[in-house]
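Student: Take a look at the following structure, please.
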Amino acid sequence: MPSNKRVEEQAFGRTAREGKRGTGQRILNAANLTHNKDFDAQKITQLRDRIEAEMLSSFEDYEFKTLEKKMRLFSTIKNEVKSVFTNVTPSVYESNVLLSIEEQWAMFLRKIDDQKSSIDIEKVHKEYAEFSERIIKDYSNNCVIKNPYYHIVIGNDLVINDSSLISKYKQAMEHFDRAIELDSDHSAAAFAGKGWLLLKGK
Numbered sequence: 001m002p003s004n005k006r007v008e009e010q011a012f013g014r015t016a017r018e019g020k021r022g023t024g025q026r027i028l029n030a031a032n033l034t035h036n037k038d039f040d041a042q043k044i045t046q047l048r049d050r051i052e053a054e055m056l057s058s059f060e061d062y063e064f065k066t067l068e069k070k071m072r073l074f075s076t077i078k079n080e081v082k083s084v085f086t087n088v089t090p091s092v093y094e095s096n097v098l099l100s101i102e103e104q105w106a107m108f109l110r111k112i113d114d115q116k117s118s119i120d121i122e123k124v125h126k127e128y129a130e131f132s133e134r135i136i137k138d139y140s141n142n143c144v145i146k147n148p149y150y151h152i153v154i155g156n157d158l159v160i161n162d163s164s165l166i167s168k169y170k171q172a173m174e175h176f177d178r179a180i181e182l183d184s185d186h187s188a189a190a191f192a193g194k195g196w197l198l199l200k201g202k
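Sequential numbering from 1 applies to the sequence shown in the UniProt record's numbering.
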């Protein structure tokens, strides 16, 4: 038995396109009919279609609305981030700031997905407003990066790729320090970066 009506019609359609007569046939596995012994093929097909209709209805009532809300929020935050970075020259620093914001955005969306009941539009709007305000505030205060990995990447770029280490020494050290502050147990590369800078000296 095909899993839904669309798959079934496609299967029979392929048979018709091949020009064969009446070769389409449903095959029901008796082992799957333990609770439906008195049903004939037509009744089982109707049951399958009813279950599928209920699934589609559930999708429209919850998942589709959730997806639609996510798309609207994404459009909003995209415009907000774009306005902040309009006049910024792309760099390793700015790229990692954006990646950090994207990571936090993904975590915000995950909270919406984790809601067990139907989506509360007003609550999501409120939480988004708080999220957006926090991102903008953190960016203004130069602390929008919450994952030490991004600080390490920026610090390494300043150390390795900048021709004038002296001018970038303090910046690189600050990024390594910030990574260690965020998660000292998983920032071995930040400690290594600090050690390298100390050996090189100012």
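Backbone N, C-alpha and C define an ideal beta-carbon position, used for all residues, glycine too.
In angstroms with no decimal places, state the Cα-to-Cα distance between residue 133 and residue 127.
Tutor: When rounded, the distance between both Cα atoms is 10 Å.
Student: Use the C-beta contact count for residue 137: other C-beta atoms within 10 angstroms, 16 or more gives buried, fewer gives exposed.
Tutor: The residue in question, residue 137, is exposed, as its Cβ has fewer than 16 Cβ neighbours within 10 Å.
Student: Given a cut-off of 8 Å on the beta-carbon distance, is the pair residue 150 and residue 99 in contact?
Tutor: In this structure, residue 99 lies closer than 8 Å to residue 150 by Cβ.
Student: In chain order, what residues of the same chain have a beta carbon less than 8 Å from the beta carbon of residue 152, not counting five sequence neighbours either side?
Tutor: Correct list, in chain order: 175, 176, 179, 187, 189, 190 and 193.
Student: Helix, strand or coil, according to DSSP, for residue 146 in the structure here?
Tutor: Here residue 146 sits in coil by DSSP.
Student: Look at the alpha carbon of residue 143 and the alpha carbon of residue 96, and state the distance between them as a whole number of angstroms.
Tutor: Residue 143 and residue 96: Cα-Cα distance of roughly 12 Å.
Student: Measure from the alpha carbon of residue 122 to the alpha carbon of each residue in 46, 66 and 43, then state which is nearest.
Tutor: When each option's Cα is compared against that of residue 122, the closest is 66.
Student: Using the Cα positions of residue 125 and residue 46, report the straight-line distance between them to the nearest angstrom.
Tutor: Approximately 41 Å between the Cα atoms of the pair.
Student: Let me confirm a value: residue 228 is counted as buried when at least 16 other C-beta atoms fall within 10 Å, else exposed. Which label applies?
Tutor: Residue coverage of the chain in this structure runs from 1 to 202, which leaves residue 228 outside it and unanswerable.
Student: For residue 154, collect the residues of the same chain with a Cβ closer than 7 Å to its Cβ; drop the 5 residues on either side in sequence, then sort them by chain order.
Tutor: Once the five neighbours on either side are set aside, the close Cβ partners of residue 154 are 92, 93, 96 and 175.
Student: Would you say residue 191 touches the ligand PLP, meaning its beta carbon is less than 7 Å from a heavy atom?
Tutor: Among the components modelled here there is no ligand, and therefore nothing to report on the ligand PLP.
Student: Put residue 195 into one of helix, strand or coil per three-state DSSP.
Tutor: Looking at residue 195 - three-state DSSP - the assignment turns out to be helix.
Student: Whole angstroms are fine: how far does the CA of residue 156 sit from the CA of residue 167?
Tutor: If you take the alpha carbons of residue 167 and residue 156, they lie about 14 Å apart.
Student: Looking at residue 135: is its Cβ nearer than 8 Å to the Cβ of residue 101?
Tutor: Yes; because the gap between Cβ atoms is below 8 Å, this pair is in contact.
Student: With distances taken from CA atoms, which of 55, 113, 184 and 73 is nearest residue 148?
Tutor: That would be 184, whose Cα lies nearest to the Cα of residue 148.
Student: DSSP on residue 161, reduced to helix/strand/coil?
Tutor: If DSSP states are grouped into helix, strand and coil, residue 161 belongs with the helices.
Student: According to DSSP, is residue 201 helix, strand or coil?
Tutor: The answer is coil: DSSP assigns residue 201 none of H, G, I, E or B.
Student: Cβ of residue 209 within 8 Å of Cβ of residue 108?
Tutor: Residue numbering for the chain in the displayed model covers 1 to 202; residue 209 lies beyond these limits and cannot be assessed.
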